[in-house]
Each structure stands twice: as C-alpha cells, then as structure tokens.
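Heads up: the structure comes next, in structure tokens.
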Amino acid sequence: MGPSHIQLTLDLSTAHYQPGDRLTGRFMVDGTQPWQARAAELSVLWYTAGKGDEDMSVHHFERIVDEPARPLDLRMPHRFATVLPTSPLSYDGEIVKVCWCVRLRIFLPQGQESVAETAFRLGSVPPATGEEQGTSSEIVD
Amino acid sequence: MASRLRLFVKKRGSRRTGARWPGLLGEALLFIALIAIGAYGLHWLIGGVLLAEGSRHGWWLWLAIVIPLALVGYGATELVMLLWRNLASTERRAAAVQKAIDWEIPVGPGKADPLALPSVPPVSAVTDSPGTRLAYRLPIDAASGWMSFTMAAVCLVWNTLVVIFVYRVVQQHIDVRPNRWLLTWLMVPFVMAGALTLVALVRQVLQEIVIGTTRVEVSHHPFYPGGTFQGFVSQTGRLHVRWFQVQLACEEQAVYQQGTDTRRATSRVYSATALSQRRFDITPQQAFEATFDLTVPETAMHSFVSGHNAVVWTLVVRGRMARWGEFERHFPIYVYPVRTIEPTVMLPLVASARS
C-alpha cells in the first residue's frame, strides 16, 4: 500500500484559486479490500521551500479515526471543503518559495504511514524575475 | 539485515546517519533520569535535611528546593514534548499551534489588529506614528543603531583588556624585569588593533552626527499591489551631497542551518528609484526636503514573514557625501495582498490610488 493507491483530487482541474475561493475535493483509496487504517488526516496547508529552513502552517485540518461505531472505509470517497485565506499567496521567488497543497496522511497498523499530496496555486503572483542578481549570505549565530 | 548499534553517528543538517528510535529512546531515558534525580533530590532535601534539622539552617536553605524542582520540571516538560512530537503528525501539531494562536485573547479593548492577515507582518508599528507632512512617519530599521552599539561594545571590551595589559607591561618596565621588551613588542599589534576599533567607532559616531536625521513619511499604509502613493523625505546635517536616492526595494530573506552555524541569505528581487538628485548642499538651517511618488507593481508579492523566511519591502535612502562616503538607511514598509481599510489617522490622506 503506497501513495499510488491514494486518489486525492481537487474539483477545480486548473488547481488555481484566488483568496476567499472555496476549495473542494475528495479522497479515496483504490482496491477491493478495505485498508486497515487507524486514522486519516487531511490538511490544507502552506509550506516554504528554497534556501531557508522549512516553515509550514495548516489552514484546514480534519482527522478521521477508525472507531467500532464508525469503521474507517477509505474505499468510499470522502469529500472536503474549505474557504481559502487572504494570505500568504503562492510565490516562486529566488530563495523563498511559498507552496500550497492538500496533504492526506493515512496511519496504518504497526506505526506505518502513507502520504499523498496535491499542490495548488493561491493568487496570481508571477515568479520573481530576479532584477537584482546575486544572493548575499552572513552568519548570524 | 539489522543494522548494528552505532555509538557515534554523524549529524547532517536535520538528518542523521543513525536510526531514529535509539535517539528517541536515549532522549526519553535522559528525561526520565532527570525526573528521577530531581524527585530523589527533593525527597532527600525536604525529608532528610530541612524537616529533620528544623530551623537550624535558617529559611534561606529552603531556596535550595529550586534545584531539584528545576530538574523535575525540565525533565517532565521535555518528556511530554517528546511524546507529543512523536505521537502526533507534523500537520496535527501545526493545526494545534494555529488553534492556540486563534484563541489568543486581545489585551484590553480594541487591541487586536483589525488589519491582521495570516503570515503578513502587523502594520501597527507604522500607523502608530503620524507624520508632519504626510499621514505616517516610517520608523527606521534598527540595524544601523545595532551596528553602532556593537562597535562600541567591541571597542570598549578590547581596549579595556589592552589597557590592563599595557599597565602590566609598564609595571614590568618600572621593576626592570627581564623579558619586558619582548612583552612590549608583543603588545604592539594589540594596541594597534585597539586604536583601529577606536578610529572606526569615532568615524561611525561622527557619520551619524554629521549626516543627521533622515525622516521618511508616506501618504498611505499599508501599501498594496498596483497602488501609487506619495512619499516625503527630509535629510538634515551639514553636508555637500554628491548623489542622493530613495528606492523602493523588495528583498527575500532566508535563515538556514549549515552545520552548527545559523546563516541568513538575502536576495533583492525588485528595486525602483523613486527619487534621485545630484550635487546639492544641506545646511543646519536648510534641510533637504523632497516629495516623490511610489508605485508598487501590480503583480508584486505581499510582505511575508514566517519562522525562517521573509519577503521584506523597504524604502532605501542612500547617498554619497563629500568626505564621509556612502550611507544607506532602511525604512521598512508593508505591502498587503489586498487593499485594506486604513486605521483612523490624524491627518487627511493624500494618496492617489489607481484602482
């Protein structure tokens, strides 16, 4: 069981949203046998990439737990929806990048995990053109 | 094949060459040991010393309880944090942090920033300070002040040590000790370095005094992409200016670990000159004053700040003065992703916005 079995899709095929838009989608796993999943966590989040250490923040978080009363059957599609915030907008800079994504983490027995991710863009900020060439670096600690 | 137990592993940034679980186990055992030592110390101190010997030692001995209590507190806190880090996913922990931030209680009525946006710096640092010509006076970046402070601290510490050593060498000469001339020659580079730090400090202080105050005001704050705003700059001092510029600049900043060092990288991704003047004089009676227009590009990235990364917009005032060389002063401004309703200010706004 790996990420290739997980279907995580957004309803908007372009995956390009504006602040305040409603992001909707669904997730499910392929297969005829139900996965022995203990829990599934769906997050809509942004993280930074580039030269600096990674920062991240979760905008929307859902945790579905396998319970005797409500068994977790991931073969059935699960829908999710959230209203996107005003900031931060997606950004592809020289040394700082802000990336938005929907991430699904499935917790399997014996502590194993399976993760799938779908990226999307928030806002319409074009990549930095790098008008001023050169990056300077200094030791701060 | 199971990997053999390695006593020494190499840390590579945030990754390690060894397996994860022995490290976790080691950390957990360390924190449990701290709690156990602290608890035993507390039992021994209270039961074996303080209560057993009554008030013979006075009240101050009770303060020694702080030591085992600190061990217990530190061990317990770190153990809980270790469990939380390893039982909850990264996203779940980040969501808990976000929820805690959302629950933050504003102190007093009206203290919450009405313009607060996620990961965008608050604008209150600028809007708290009204200008005399335009709506807001921009605060100067504190870096130049820290430079003078650091130079003064280095100069003071170095020259104090040098004076102590020179005093010892002079004493050696008075007592006509052997090796006094060897010590004297050894002191020469230290004295010269001390003199250089002193000269650099004096030059820095004189530059601060002679170049005088730079005041920058803007008609509108926060800025937003596509907007045109009015700016005002005033420069005091007694100077012959070769060239003088005001630039609107955007810089990316990234903090990262490299080995055991913390480094900061910067990259300027946008720069536009809003004002440029050549060859003029500034006198104490007549400060240089000029207005200019600032346009933030329609597709600009907004100001952004997170733990290790930032996109920073600044008004840079730079120039070259006869005899004093170049100077550069930075005034941070904030660009918001959308046009916001401004907080109430004392002066009328004179911004001209395109949209």
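As you go down the protein sequences, you meet chains A and B in turn.
Take the first sequence: its position 125, counting from 1, is numbered 138 in the numbering used here, and each next residue is one higher.
Take the second sequence: its position 38, counting from 1, is numbered 39 in the numbering used here, and each next residue is one higher.
Even glycine gets a Cβ: it sits at the ideal position worked out from N, Cα and C.
With respect to the beta strand (DSSP E) encompassing residue i, which residues constitute its N-terminal and C-terminal limits?
i	result
residue 111 of chain A	109–120
residue 91 of chain B	Unbroken run through residue 91 of chain B is the alpha helix (DSSP H), 91–103; no beta strand (DSSP E).
residue 248 of chain B	240–259
residue 60 of chain A	52–63
residue 232 of chain B	229–236
residue 333 of chain B	326–334
residue 38 of chain A	35–42
residue 69 of chain A	69–78
residue 20 of chain A	19–23
residue 127 of chain A	126–135
residue 96 of chain A	91–96
At 8 Å on the CB atoms, spell out the chain A contacts of residue i, in chain order.
i	result
residue 258 of chain B	66
residue 86 of chain B	Per Cβ cutoff of 8 Å: no residues; residue 86 of chain B is ~14 Å from chain A at best.
residue 339 of chain B	32 and 99
What distance in whole Å lies between the Cβ atoms of residue j and residue i, which are believed to be in contact at a cut-off of 8 Å?
i	j	result
residue 124 of chain B	residue 223 of chain B	5 Å
residue 231 of chain B	residue 294 of chain B	6 Å
residue 1 of chain B	residue 217 of chain B	In the structure as shown, chain B begins at 2 and stops at 356. Residue 1 of chain B is therefore absent and cannot be evaluated.
residue 101 of chain A	residue 120 of chain B	4 Å
residue 29 of chain A	residue 134 of chain A	5 Å
residue 214 of chain B	residue 237 of chain B	5 Å
residue 115 of chain A	residue 65 of chain A	That pair is no contact at about 23 Å.
residue 252 of chain B	residue 118 of chain A	That belief does not hold up - the Cβ atoms of residue 252 of chain B and residue 118 of chain A are roughly 35 Å apart, past 8 Å.
residue 127 of chain B	residue 227 of chain B	So it is not a contact: roughly 20 Å between Cβ atoms.
residue 39 of chain A	residue 91 of chain A	6 Å
residue 35 of chain A	residue 94 of chain A	6 Å
residue 104 of chain A	residue 302 of chain B	5 Å
Tell me which residue opens and which closes the alpha helix (DSSP H) that residue i is part of.
i	result
residue 126 of chain B	125–128
residue 86 of chain B	67–88
residue 44 of chain B	21–44
Under 7 Å Cβ-Cβ, which residues of chain B neighbour residue i?
i	result
residue 174 of chain A	A query on residue 174 of chain A cannot be resolved here, the shown segment of chain A reaching from 14 to 154 and no further.
residue 80 of chain A	The contacting residues do not exist; residue 80 of chain A stays about 17 Å from chain B at best.
residue 141 of chain A	270
residue 27 of chain A	The contacting residues do not exist; residue 27 of chain A stays about 18 Å from chain B at best.
Listing by chain order, which chain B residues have their CB less than 8 Å from the CB of residue i?
i	result
residue 35 of chain A	Residues of chain B passing the Cβ test: none, with the nearest at roughly 17 Å.
residue 200 of chain A	Residue 200 of chain A is absent from the structure shown; chain A starts at 14 and stops at 154.
residue 130 of chain A	Chain B residues near residue 130 of chain A: none, gap ~11 Å exceeds 8 Å.
residue 61 of chain A	307, 309 and 310
Quick one: list the residues of chain A neighbouring residue i, beta-carbon separation under 7 Å, in chain order.
i	result
residue 246 of chain B	Correct list: empty, because the minimum Cβ distance to chain A is about 15 Å.
residue 253 of chain B	106, 107, 108 and 109
Could you list which residues in chain A have their beta carbon closer than 9 Å to that of residue i, in chain order?
i	result
residue 99 of chain B	70, 71, 72 and 74
How would you list, in chain order, the residues of chain B whose beta-carbon sits under 9 Å from the beta-carbon of residue i?
i	result
residue 138 of chain A	226, 300, 301, 302, 303 and 338
For the ligand MG, is there any heavy atom lying closer than 8 Å to the beta carbon of residue i?
i	result
residue 260 of chain B	For the ligand MG, the structure offers nothing, since it holds no ligand at all.
message: Under 8 Å, CB to CB, which of the residues in the segment 83–113 of chain A have a partner in chain B?
response: 98, 99, 100, 101, 102, 104, 106, 107, 108, 109 and 111
- prompt: Which residues, taken in chain order from the segment 164–185 of chain B, show a beta carbon closer than 7 Å to some beta carbon of chain A?
  reply: none
field: Under 8 Å (Cβ pairs) to chain A, residues found in the segment 293–320 of chain B
entry: 300, 301, 302, 303, 305, 307, 308, 309, 310, 311 and 312
Interface residues of the segment 115–130 of chain B facing chain A [CB-CB below 7 Å]: 118, 119, 120 and 121
field: Completely contained alpha helix (DSSP H) runs for the segment 165–227 of chain B, where each covers 4 or more residues
entry: 181–212
field: Residues from the segment 131–160 of chain B in contact with chain A, defined by Cβ distance under 8 Å
entry: none
- request: Pick out the complete beta strand (DSSP E) segments inside the segment 276–327 of chain B, 3 residues or longer, and give them in chain order.
  value: 289–296 and 310–322
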